[in-house]
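A.B. asks:
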Amino acid sequence: IEIGPSGGTGPLACLQAIAQRFLKGIAGKLIILLPKLLIGPLSRERNVLLERVPLFVWLGPKMGVVVHTHMDKKPASSFRRVIRRGIQAFYKLSDDAQRAFAAEVCGQIFDHLLTNGGFHTLPDMTFDFVFTFPIALRRVRERLEEFETVTNAKLLEEAAHIAREVKEHEDAKFMAGQLAPQEEEDGKPKLNRRKSTSTHQEHNFEDASEEPFGCTAEQLNDGMMYLHRQTPAQLHHLVVRFVKEMEKAWLALHPKGNEDAMDRNKSEMEAKATFTAAYSDLEDFLGTAGQAGATGQSSGSPQTEGPLPDISASGIAAASSKSGEPQRITI
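Here you go:
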């Protein structure tokens with residue numbers, strides 16, 4: 004019986020043929036299994052790192068954005084750290100690479116707004132729009148049902164929801180003691196729900212779900228791609244309306260946020276009302292004096308010669324321009 008590859012017979016040839024068939028079987032299985040054995044763990048590690056990229060957390064209108072970086076409670080093993088560093092280098096998932104990517108995307112968004120949005124004046128909350136629009140886009144996509152698509156109307160509705168939920172989220176943290184009160188300049192305590200925005204203080208997170216109002220650099224890029232699909236008219240309308248909806252919802256929850264402007268308007272209205280009342284009383288007095296003068300003239304009583312002075316602003320200004328000196332009216 005021919006068993007060996009060379010056609011030889013005997014126990015040695017038989018063992019050689021069996022070994023070759025065995026090795027061929029193992030090699031074939033290894034070729035099939037090796038990619039699965041390598042790709043599976045690498046893919047899982049990549050997904051883990053995607054959940055740990057820096058988050059750009061929006062604090063509220065005109066309150067800034069805080070960069071949160073991930074921090075592990077327990078350090079990973081040396082082998083896993085090496086694997087993760089290799090994945091971060093290949094996919095550019097390190098903190099520095101993600102910051103650079105986010106800065107590049109923000110620049111592209113502003114470039115698109117200025118060159119294709121028809122903006123001659125950027126709204127004062129354009130910076131807030133850049134970091135909240137990706138959050139709105141992500142949330143709308145998460146709630147989409149089958150055959151539904153993202154629309155600008157849904158995004159505008161989400162803008163108001165985000166502004167309202169930011170306050171509720173910060174209030175909950177404050178009540179839980181996670182946000183401590185700070186002090187005013189005069190030393191009096193103030194309940195400040197804002198996080199510290201010190202440019203040197205580091206902020207960390209353990210789970211991305213802890214910061215629902217944060218977005219990643221990749222989500223910023225998704226928002227930019229959506230904006231690029233808009234026509235110039237649609238883009239301009241979307242940005243302006245998005246900012247207005249967000250600001251309107253925020254001011255509705257923060258009536259004291261516009262306290263200075265409200266106080267100025269109140270003072271101006273009170274001053275105007277006081278001046279109007281005084282002017283009305285003065286007109287009534289002059290009208291009564293004029294009637295008395297007319298009565299005195301008919302009865303032979305002495306009276307002031309000439310017409311009554313014009314006490315309106317235009318009359319005073321005209322009299323001053325003629326004489327070159329400020330005019331005073333004495334009653």
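Residue numbers (this note's numbering): 4 to 334.
Each residue gets a CB set at the ideal place from its N, CA and C atoms; glycine is no exception.
Could you work out which residue in LEU41, VAL69, LEU117 is closest to ILE86 when comparing CA atoms only?
C.D. replies: Stepping through the sequence shown from its first residue, residue 86 is reached at position 83. Of LEU41, VAL69, LEU117, the residue nearest in Cα terms is LEU41.
A.B. asks: Spatial neighbours of ASP127 within its chain, please: CB distance less than 8 Å, with the 5 preceding and 5 following residues excluded, ordered by chain position.
C.D. replies: Taking the sequence shown and counting its residues from 1, the one referred to as residue 127 is at position 124. Excluding residues within five positions, the ones whose Cβ falls inside 8 Å are LYS65.
A.B. asks: Are the C-beta of GLY121 and some C-beta of chain B separated by less than 8 Å?
C.D. replies: Note that chain B does not occur in the displayed structure, where there is just one protein chain.
A.B. asks: Just checking my contact of ASN207 with HIS71 at CB under 8 Å: how many whole Å lie between their CB atoms?
C.D. replies: Within the sequence shown, the letter at position 204 stands for residue 207. Within the sequence shown, the letter at position 68 stands for residue 71. Their Cβ separation, rounded to whole angstroms, is 6 Å, which keeps ASN207 and HIS71 in contact under 8 Å.
A.B. asks: Cα-Cα, which of LEU125, ILE138, LEU18 is closest to LEU62?
C.D. replies: As a working mapping, residue 62 is identified with position 59 in the sequence shown. Ranking LEU125, ILE138, LEU18 by Cα distance to LEU62 puts ILE138 first.
A.B. asks: Report the residue from THR135, GLY217, GLN19 whose alpha carbon sits nearest the alpha carbon of MET227.
C.D. replies: Numbered from its first residue, the sequence shown carries residue 227 at position 224. The candidate whose alpha carbon is nearest that of MET227 is THR135.
A.B. asks: If you pair each beta-carbon of the region 89-104 with each one of the region 49-58, do three or more pairs fall below 8 Å?
C.D. replies: Output reads yes: the region 49-58 touches the region 89-104.
A.B. asks: My output table needs one value for GLN19: the three-state DSSP class, helix, strand or coil.
C.D. replies: For the purposes of this step, residue 19 is taken as residue 16 along the sequence shown, with counting starting at 1. If DSSP states are grouped into helix, strand and coil, GLN19 belongs with the helices.
A.B. asks: Looking at the unbroken alpha helix (DSSP H) that takes in THR118, where does it start and where does it end?
C.D. replies: To locate residue 118, count along the sequence shown from 1; it is residue 115. Unbroken alpha helix (DSSP H) run through THR118: 98-119.
A.B. asks: In this structure, does DSSP put PHE208 in helix, strand or coil?
C.D. replies: Locating residue 208 in the sequence shown gives position 205, where the first residue counts as 1. If DSSP states are grouped into helix, strand and coil, PHE208 belongs with the strands.
A.B. asks: Please work out which residues of its chain come closer than 7 Å, Cβ to Cβ, to THR279, disregarding the five sequence neighbours upstream and downstream, and give them in chain order.
C.D. replies: Here the question's residue 279 lines up with position 276 in the sequence shown. Cβ within range, chain order: n/a, list empty.
A.B. asks: To the nearest angstrom, how far is the alpha carbon of VAL68 from that of HIS115?
C.D. replies: Within the sequence shown, numbered from 1, the residue matching residue 68 stands at position 65. Within the sequence shown, numbered from 1, the residue matching residue 115 stands at position 112. Each residue's Cα considered, the two are about 21 Å apart.
A.B. asks: What does the alpha-carbon distance come out to for the pair SER199 and ARG142?
C.D. replies: Indexing the sequence shown from 1 puts residue 199 at position 196. Indexing the sequence shown from 1 puts residue 142 at position 139. With a pLDDT of 47 at SER199, under the threshold of 50, the predicted position of this residue should be treated as unreliable, and no value is reported.
A.B. asks: Can you list, in chain order, the residues of its chain with a C-beta nearer than 7 Å to that of GLU221? Leave out the 5 residues immediately preceding and following it.
C.D. replies: Residue 221 sits at position 218 when you count from the first residue of the sequence shown. Correct list: empty, nothing qualifies.
A.B. asks: Suppose you measure from the CA of VAL108 to the CA of ASN155; what does that come to, to the nearest Å?
C.D. replies: Residue numbering aside, residue 108 sits at position 105 when the sequence shown is read from its first letter. Residue numbering aside, residue 155 sits at position 152 when the sequence shown is read from its first letter. Rounded to whole angstroms, VAL108 to ASN155 spans 21 Å at the Cα level.
A.B. asks: Is the beta carbon of VAL60 less than 8 Å from the beta carbon of PHE132?
C.D. replies: Residue 60 sits at position 57 when you count from the first residue of the sequence shown. Residue 132 sits at position 129 when you count from the first residue of the sequence shown. Not closer than 8 Å, so no.
A.B. asks: Between which residues of its own chain and ASN50 is the CB-CB distance below 8 Å, once the five residues before and five after are set aside?
C.D. replies: Sequence index remark: in the sequence shown, residue 50 carries index 47 (1-based). Excluding residues within five positions, none has a Cβ falling inside 8 Å.
A.B. asks: Please classify THR154: does DSSP put it in a helix, a strand, or coil?
C.D. replies: As a first step, residue 154 must be located in the sequence shown, where it is residue number 151. Here THR154 sits in coil by DSSP.
A.B. asks: Which of the three DSSP states, helix, strand or coil, is assigned to GLY217?
C.D. replies: Taking the first residue of the sequence shown as position 1, residue 217 is located at position 214. Three-state result, GLY217: strand.
A.B. asks: Use the C-beta contact count for MET335: other C-beta atoms within 10 angstroms, 16 or more gives buried, fewer gives exposed.
C.D. replies: Look at the range of the chain in this structure, 4 to 334, and you will see that residue 335 is not part of it.
A.B. asks: Suppose you measure from the CA of LEU52 to the CA of PHE245; what does that come to, to the nearest Å?
C.D. replies: Position 49 of the sequence shown holds residue 52. Position 242 of the sequence shown holds residue 245. So the alpha carbons of these two residues sit roughly 32 Å apart.
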